[in-house]
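Written out below as structure tokens is the structure these notes cover.
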Amino acid sequence: MARFRFRLDASLQLAKQVLESAQREYALELQRWQACVMACMGQQACYNEAQEGQREAGRHRPEELKLCQQFAVLQLRRLHHYEAERREQEIVMETARRGLFEAHREVEKYERLKEKQATAFRVAELQKEQKVLDETGQILHWLGKKSVK
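19 is the number of the first residue of the sequence shown in the working numbering; add one for each residue after it.
Rendered as structure tokens:
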């Protein structure tokens, strides 16, 4: 019996390599985004502490108020900087996600085509086998009639 050979197997393997590369890229960009989120959260906490220090200085230490205000403004600038980095990273991560989706779809396309061709091959082989069995049956039937005479 003949064996099925997928003509586009090289293309399928290449598509799988592209998928693996896209998975690694997306994982890396996701890690970078998570680092940006963590940095934003940390900076938000620093800014909140700076605001609290500013309120405390306003209530109890007016001579330190200007210094506390400058520190709070600096923390706010850093927070805005980290938030901008996070937004930029979200765009990069979304681009990597779309690339991953396209690579996955390409692999699925080749795998569906391979399965479809394998099924068609099996059906054709079964039809050939059935044809041989039918011919064998006809020959045996014909030989059986001849030997009876």
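Note that beta-carbon positions come from the ideal geometry of N, C-alpha and C, so glycine has one too. Source: prediction; values computed, not measured.
Asked: Exposure label - Phe89; buried when at least 16 CB within 10 Å; Found: buried
Asked: Stretch-stretch touch, CB-based, cutoff 8 Å, three pairs: the segment 91 to 102 with the segment 47 to 67; Found: yes
Asked: Assigned secondary structure, Leu26 (DSSP; H/G/I helix, E/B strand, else coil); Found: coil
Asked: Coil, strand or helix - Ala20 by DSSP; Found: coil
Asked: Validate contact between the segment 100 to 109 and the segment 45 to 61 using beta carbons, cut 8 Å, 3 pairs; Found: yes
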